[in-house]
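Line order of the protein sequences matches chains Z and S.
Residues in the first sequence are numbered consecutively from 1, following our numbering.
Residues in the second sequence are numbered consecutively from 347, following our numbering.
Using N, Cα and C, we set each Cβ at its ideal position, and we do this for glycine too.
So the structure is just underneath, and the comments pick up after that.
There are 2 protein chains.
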Amino acid sequence: MIRIDPSLAPLLALLLAAAGAVAQDAPIAIAIHGGAGTIDPDQLSPARRAAIEADLGAALDAGHAVLAAGGSSLDAVTAAVVMLEDSPHFNAGRGAVFNADGRNDLDAAVMTGHDRRAGAVAGLTRTRNPVLAARAVMEHSPHVFLIGAGAESFARARGLQRAGPAWFRTEARWQQYLDARERENERRRAGDRQAAASRRAADYYGTVGAVALDRHGHVAAATSTGGMTLKRFGRVGDVPVLGAGTWAEDGCAVSATGWGEMFIRAGAGHEICARVRLAGQGLAEAAHGVVARDIPALGGDGGVIAVDGAGNIAMPYSSAGMYRGRIDADGRRVVAIWAEDDGTAR
Amino acid sequence: MIRIDPSLAPLLALLLAAAGAVAQDAPIAIAIHGGAGTIDPDQLSPARRAAIEADLGAALDAGHAVLAAGGSSLDAVTAAVVMLEDSPHFNAGRGAVFNADGRNDLDAAVMTGHDRRAGAVAGLTRTRNPVLAARAVMEHSPHVFLIGAGAESFARARGLQRAGPAWFRTEARWQQYLDARERENERRRAGDRQAAASRRAADYYGTVGAVALDRHGHVAAATSTGGMTLKRFGRVGDVPVLGAGTWAEDGCAVSATGWGEMFIRAGAGHEICARVRLAGQGLAEAAHGVVARDIPALGGDGGVIAVDGAGNIAMPYSSAGMYRGRIDADGRRVVAIWAEDDGTAR
Numbered sequence: 001m002i003r004i005d006p007s008l009a010p011l012l013a014l015l016l017a018a019a020g021a022v023a024q025d026a027p028i029a030i031a032i033h034g035g036a037g038t039i040d041p042d043q044l045s046p047a048r049r050a051a052i053e054a055d056l057g058a059a060l061d062a063g064h065a066v067l068a069a070g071g072s073s074l075d076a077v078t079a080a081v082v083m084l085e086d087s088p089h090f091n092a093g094r095g096a097v098f099n100a101d102g103r104n105d106l107d108a109a110v111m112t113g114h115d116r117r118a119g120a121v122a123g124l125t126r127t128r129n130p131v132l133a134a135r136a137v138m139e140h141s142p143h144v145f146l147i148g149a150g151a152e153s154f155a156r157a158r159g160l161q162r163a164g165p166a167w168f169r170t171e172a173r174w175q176q177y178l179d180a181r182e183r184e185n186e187r188r189r190a191g192d193r194q195a196a197a198s199r200r201a202a203d204y205y206g207t208v209g210a211v212a213l214d215r216h217g218h219v220a221a222a223t224s225t226g227g228m229t230l231k232r233f234g235r236v237g238d239v240p241v242l243g244a245g246t247w248a249e250d251g252c253a254v255s256a257t258g259w260g261e262m263f264i265r266a267g268a269g270h271e272i273c274a275r276v277r278l279a280g281q282g283l284a285e286a287a288h289g290v291v292a293r294d295i296p297a298l299g300g301d302g303g304v305i306a307v308d309g310a311g312n313i314a315m316p317y318s319s320a321g322m323y324r325g326r327i328d329a330d331g332r333r334v335v336a337i338w339a340e341d342d343g344t345a346r
Numbered sequence: 347m348i349r350i351d352p353s354l355a356p357l358l359a360l361l362l363a364a365a366g367a368v369a370q371d372a373p374i375a376i377a378i379h380g381g382a383g384t385i386d387p388d389q390l391s392p393a394r395r396a397a398i399e400a401d402l403g404a405a406l407d408a409g410h411a412v413l414a415a416g417g418s419s420l421d422a423v424t425a426a427v428v429m430l431e432d433s434p435h436f437n438a439g440r441g442a443v444f445n446a447d448g449r450n451d452l453d454a455a456v457m458t459g460h461d462r463r464a465g466a467v468a469g470l471t472r473t474r475n476p477v478l479a480a481r482a483v484m485e486h487s488p489h490v491f492l493i494g495a496g497a498e499s500f501a502r503a504r505g506l507q508r509a510g511p512a513w514f515r516t517e518a519r520w521q522q523y524l525d526a527r528e529r530e531n532e533r534r535r536a537g538d539r540q541a542a543a544s545r546r547a548a549d550y551y552g553t554v555g556a557v558a559l560d561r562h563g564h565v566a567a568a569t570s571t572g573g574m575t576l577k578r579f580g581r582v583g584d585v586p587v588l589g590a591g592t593w594a595e596d597g598c599a600v601s602a603t604g605w606g607e608m609f610i611r612a613g614a615g616h617e618i619c620a621r622v623r624l625a626g627q628g629l630a631e632a633a634h635g636v637v638a639r640d641i642p643a644l645g646g647d648g649g650v651i652a653v654d655g656a657g658n659i660a661m662p663y664s665s666a667g668m669y670r671g672r673i674d675a676d677g678r679r680v681v682a683i684w685a686e687d688d689g690t691a692r
């Protein structure tokens, strides 16, 4: 046992407080997205816009509260993504788009940077929060990636909350599905295969995600999606492909949204972090290079959110808009949809 | 129409021959693997070893013949992997391991470097050559990654050759499955959960793959696997995760084999190519760094084969052995299993 002279107690208290203050001063930061694409201001009523911004803000604040209380970046991104999944306004969990069979196919992934742990799921249909299934894979299985009925069984075995088609379905998404199907059929009747093939992918996708830095200096990323409207053949996009739509390594975490195929081919998340680590680029420069050059060079578009170990945040996108929010290391809070909504350069 | 003075014909022929000669001199190279792991020399009879080396050699020669005839690296890796899938000796296609339900779940991927096209499939059960399904996704769909029953439907719709359980099943694999199941049950009866969890993953996996450089200077990679013996819950390893077990970019292609989860967390394929492109490392240095340091640091093992735009080949592995072969730019041909079989450093 260590004995401490009582006369030293005040000094000791001061030292402990100082040590605590260091931790208190360590930067925390969080960024979220609710999808990128052709978000038409004229199509978005003031009431709907307010509802979307309220849900983005609530998810952002939930994640930040975890960090502010000294919680982990993993808990922060999980909390934020669960709220975005439960919101009917985004293409993940409740409000997910419908595949060609009129069903919801859900994918998600989560990864932590300092220890490179990861979990991903694809093709879930009955798990309310796919991001929790991805996290369960990471924490309670020797595996990283589970798909289809097997992934569903695992989520059930872990006791995760179930949800039926009625939970996921929103009237707006169902109407979007019926409209999209009708357009496809019209094109097919007209023999216009080219037009059907070249439909703007941006009209069909969406994602939610979060990245965060906690007081321990650890980063994490999480992403969740319903994929593309009318997707067929068990199509999976970039979300559960670790290194593409979701990636974290020591001091760098990325979550993407956009035309998933191009983000896989670009290895978007891993590429951004590799440019920071190996090429000495800043986070903003690396993220911009991939989003504004590499993805468009492949014919795609979309955006990413990224955070580094100093709390820097980058949120570039090449589409018309991106639902997003961030609270940076200085506590500045922004919720935005279009470029003019915040000071961030496109 | 261009008219050429007949007197210039001999000079023209010489020029054309010279141009052809340049293409003839452009380096070609190919490397293949049939899996890495605890390959015990005492367990491998001379007859079985000879059969394995013959199949490795045949696949290697098939791929090299494509390159020598001026064919594409994509065609070369496809030809080699199809032969390895059809061989009963490797864990891919025919001879694949069995999952916990006693079925074969097959994953594959293919990627070309210069144009970053890619295709991947996971959870196939009835397609004879999964690598052809991955290639069909790349060439005949707007998608990159298809899973499960949907992927199977796509392969069927493309007219790919079907195969039943009897085709994939070999007596040796079935016995391996029964033995593994018995060991698991014994451990479970003994309550030895720790031992069950810490079973040597190396005993349970295997993969086949190929990388190649063609006379056009284009590289490609392809990988195919039956995954892990006794895998459950729709587990997918690194093979169809582009950037992990399979990756190609301009001047760098990688195919991995090993404990898939660790290769995903390391982003192995993409990381090797990023170190070459961004950090100025040589291919051998980059491949060795990931295989001998990063993967073991995560607790895993395995190996990769990699080729660059100059025809350099690297084939490091951290396991006891790796079934492998290569024909380098100078035409040197090696088929090997253990370290002493060739001059390559471990």
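Endpoints, alpha helix (DSSP H) assigned at residue i
i, result
"G606(S)", "606–612"
"D359(Z)", "With chain Z covering only 1 through 346, there is no way to say anything about residue 359(Z)."
"S499(S)", "494–503"
"D179(Z)", "171–189"
"A685(S)", "That residue, A685(S), is in no alpha helix (DSSP H); it is neither H nor E in DSSP."
"L629(S)", "629–634"
Beta carbon of residue i nearer than 8 Å to that of residue j
i, j, result
"V290(Z)", "A29(Z)", "no"
"I295(Z)", "M322(Z)", "no"
"D584(S)", "I610(S)", "yes"
"A599(S)", "G380(S)", "no"
"E184(Z)", "L230(Z)", "yes"
"V317(S)", "G552(S)", "Residue 317(S) is absent from the model: chain S starts at 347 and stops at 692."
"S664(S)", "A638(S)", "yes"
"S224(Z)", "P142(Z)", "no"
"A594(S)", "A625(S)", "no"
"A62(Z)", "M315(Z)", "no"
"W259(Z)", "G302(Z)", "yes"
"G591(S)", "V565(S)", "no"
"W513(S)", "R474(S)", "yes"
"G441(S)", "T384(S)", "no"
"A466(S)", "P586(S)", "yes"
"H616(S)", "G300(Z)", "no"
Limits of the beta strand (DSSP E) - the one that residue i falls within
i, result
"R333(Z)", "333–336"
"L452(S)", "452–458"
"Y317(Z)", "Premise fails: Y317(Z) is in no beta strand (DSSP E) and is neither H nor E."
"D308(Z)", "302–308"
"G119(Z)", "118–124"
"L213(Z)", "208–213"
"V219(Z)", "219–225"
Residue(s) in a DSSP beta bridge with residue i
i, result
"E271(Z)", "For E271(Z), which the question treats as bridged, DSSP gives no partner whatsoever."
"I673(S)", "I376(S), R679(S)"
"A96(Z)", "None, per the DSSP bridge assignment."
"S255(Z)", "T246(Z), I305(Z)"
"T127(Z)", "R162(Z)"
"R235(Z)", "L492(S)"
Near the ligand FMN: residue i beta-carbon under 7 Å from a heavy atom
i, result
"V637(S)", "With respect to small molecules bound, the structure shown includes none, and the ligand FMN cannot be examined in it."
Unbroken stretches of the beta strand (DSSP E), 3 residues or longer, contained in the segment 15–69 of chain Z
29–37
contact_flag[the segment 209–216 of chain Z, the segment 137–144 of chain Z] where n(CB pairs < 8 Å) is 3 or more:
no
Pairing CB atoms from the segment 65–85 of chain Z with CB atoms from the segment 97–113 of chain Z, are three or more of them under 8 Å?
yes
Under 8 Å, with one C-beta from each stretch per pair, do the segment 330–341 of chain Z and the segment 37–53 of chain Z reach the 3-pair mark?
yes
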